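In the UniProt record's numbering, the protein residues as written are 1 to 235.
Even for Gly, the Cβ is constructed at its ideal location relative to N, Cα and C.
Just so we're clear, the structure is a prediction, and the values are computed from it rather than from any experiment.
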Amino acid sequence: MTTGTRRRMGVEERRQQLIGVALELFSHRSPEDVSIDEIASAAGISRPLVYHYFPGKLSLYEAALKRAADELAERFVEPREGPLGARLLRVTGRFFGFVDEHGPGFYALMRGGPAVGSSTTNALIDSVRQAAYDQIVAHLGIAEPPARLELVVRSWISLAESTALIWLDGRRIPRAELERQLVHDFAALAAVSAAYDQEMAELLGQVLAEEPADGPFTDLLSRLAALAPPAALPS
Numbered sequence: 001m002t003t004g005t006r007r008r009m010g011v012e013e014r015r016q017q018l019i020g021v022a023l024e025l026f027s028h029r030s031p032e033d034v035s036i037d038e039i040a041s042a043a044g045i046s047r048p049l050v051y052h053y054f055p056g057k058l059s060l061y062e063a064a065l066k067r068a069a070d071e072l073a074e075r076f077v078e079p080r081e082g083p084l085g086a087r088l089l090r091v092t093g094r095f096f097g098f099v100d101e102h103g104p105g106f107y108a109l110m111r112g113g114p115a116v117g118s119s120t121t122n123a124l125i126d127s128v129r130q131a132a133y134d135q136i137v138a139h140l141g142i143a144e145p146p147a148r149l150e151l152v153v154r155s156w157i158s159l160a161e162s163t164a165l166i167w168l169d170g171r172r173i174p175r176a177e178l179e180r181q182l183v184h185d186f187a188a189l190a191a192v193s194a195a196y197d198q199e200m201a202e203l204l205g206q207v208l209a210e211e212p213a214d215g216p217f218t219d220l221l222s223r224l225a226a227l228a229p230p231a232a233l234p235s
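The structure is reproduced here in structure tokens:
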């Protein structure tokens with residue numbers, strides 16, 4: 001039989017609740033526009049109690065960003081089965097799912113928000129980028145990536161970030177279309193690198209050999225072929 005008495009939370013449980021409340025608010029509005037009073041109200045506690053668990057808004061903001069960074073890094077985890085193009089498409093879909101759900105929070109994570117320039121925020125951003133890099137390299141089955149492959153993967157991660165930030169400003173391109181385009185961008189970056197490096201050419205050849213007829217990389221090749229002018233007929 002319930003008495004209507006509110007259950008008292010332990011210290012860590014309350015901290016996690018406040019982080020979750022803050023992250024939810026930051027997901028819909030810029031962190032600069034969310035006050036401690038709003039966070040306290042949403043959590044059902046007083047403003048002084050928020051400060052009991054976090055010394056200030058910045059510390060709570062950084063804790064919320066840490067949770068967002070961990071969740072975003074998890075979106076890059078994918079079983080290493082099947083063709084690479086399909087795997088990248090699923091990863092990209094989950095990445096944009098996070099961006100779509102946590103727009104202002106994602107923007108704050110990538111741009112720093114109130115904590116811009118802080119060592120904590122920079123470390124969080126770097127951890128997400130490194131997690132994405134490690135996952136993609138692992139999918140390629142490369143223990144020690146050569147310089148050109150590292151350049152391709154890190155360039156693509158930067159492109160994905162920039163694309164997502166631009167897309168958030170109005171969402172003017174259909175999300176599914178943009179996800180597929182980003183996978184095409186990865187193949188294009190790899191193809192340009194392969195034109196300069198035999199090791200990259202062999203790696204790309206292996207990836208394309210495993211690509212099915214309906215895969216995103218095959219789709220890109222078809223689109224590029226359609227753009228090429230027909231060969232000149234012999235006179």
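Mind checking I166: buried by the 16 CB within 10 Å criterion, or exposed? Numbered from 1 along the sequence shown, position 166 holds the residue referred to as residue 166. Within 10 angstroms of the beta-carbon of I166 lie fewer than 16 other beta-carbons, which makes it exposed.
So is the beta-carbon of F106 under 7 Å away from any non-hydrogen atom of the ligand COA? As for the ligand COA, it is missing from this structure, which has no ligand bound.
What did DSSP end up calling P174 once you bin it into helix, strand or coil? Here the question's residue 174 lines up with position 174 in the sequence shown. Of the three classes helix, strand and coil, the one that applies to P174 here is coil, per DSSP.
Mind checking H139: buried by the 16 CB within 10 Å criterion, or exposed? Within the sequence shown, the letter at position 139 stands for residue 139. Classification for H139: buried.
Taking V128 as the reference, which of E177, R75, A147 and P104 has the closest Cα? Taking the first residue of the sequence shown as 1, we reach residue 128 at position 128. Minimum Cα distance to V128 is reached at R75.
Compute the beta-carbon to beta-carbon distance between residue 257 and G215, rounded to the nearest angstrom, for a pair I have assumed lies under 8 Å. Absent from the model: residue 257. The displayed extent of the chain is 1 to 235, so no value can be given.
For L65, which residues from the same chain have a beta carbon less than 6 Å from its beta carbon, with the 5 sequence-adjacent residues on both sides left out? As a working mapping, residue 65 is identified with position 65 in the sequence shown. Result list for L65: L109 and L124, in chain order.
DSSP on G97, reduced to helix/strand/coil? Here the question's residue 97 lines up with position 97 in the sequence shown. Secondary structure at G97: helix, using DSSP grouped into helix, strand and coil.
Decide if V34 is buried, meaning its Cβ has at least 16 other Cβ atoms within 10 Å, or exposed. In the sequence shown, counting from the first residue as 1, residue 34 sits at position 34. With 16 or more other Cβ atoms within 10 Å, it is buried.
Any 3 or more C-beta pairs closer than 8 Å across the region 38-57 and the region 93-103: Too few Cβ pairs lie closer than 8 Å, so no.
For the alpha helix (DSSP H) holding F106, just list the boundary residues, first then last. Counting from one through the sequence shown, the residue named residue 106 turns up at place 106. Looking at the DSSP string, the run of the alpha helix (DSSP H) that includes F106 is G103 to R111.
What do you reckon, are the CB atoms on R180 and L89 nearer than 8 Å? Along the sequence shown, read from residue 1 onward, the residue named residue 180 stands at position 180. Along the sequence shown, read from residue 1 onward, the residue named residue 89 stands at position 89. It is a contact, given that the beta carbons lie within the stated cut-off.
Does the structure place the region 140-156 close enough to the region 67-74 that three or more beta carbon pairs sit under 8 Å? The region 67-74 makes no contact with the region 140-156; the number of CB pairs closer than 8 Å stays below 3.
Same chain, Cβ closer than 7 Å to S46, five either side skipped, listed in chain order: Taking the first residue of the sequence shown as 1, we reach residue 46 at position 46. In its chain, beyond the 5 residues on either side, A40 have a beta carbon closer than 7 Å to the beta carbon of S46.
Rounded separation between E210 and L224 - CA only: Taking the first residue of the sequence shown as 1, we reach residue 210 at position 210. Taking the first residue of the sequence shown as 1, we reach residue 224 at position 224. Straight-line Cα distance between these residues: approximately 19 Å.
Beta-carbon proximity list for S30, same chain, < 6 Å, skipping 5 on both sides: As a working mapping, residue 30 is identified with position 30 in the sequence shown. If we look at S30 and ignore the five residues flanking it on each side, its Cβ neighbours are P104.
Short Cβ contact (8 Å threshold) for V137 with S193: Working through the sequence shown from its first residue, we reach residue 137 at position 137. Working through the sequence shown from its first residue, we reach residue 193 at position 193. No, the pair does not count as a contact, with Cβ atoms beyond the cut-off.
Specify the secondary structure class of M9 as computed by DSSP and reduced to three states. Taking the sequence shown and counting its residues from 1, the one referred to as residue 9 is at position 9. Residue state, collapsed to three classes: coil.
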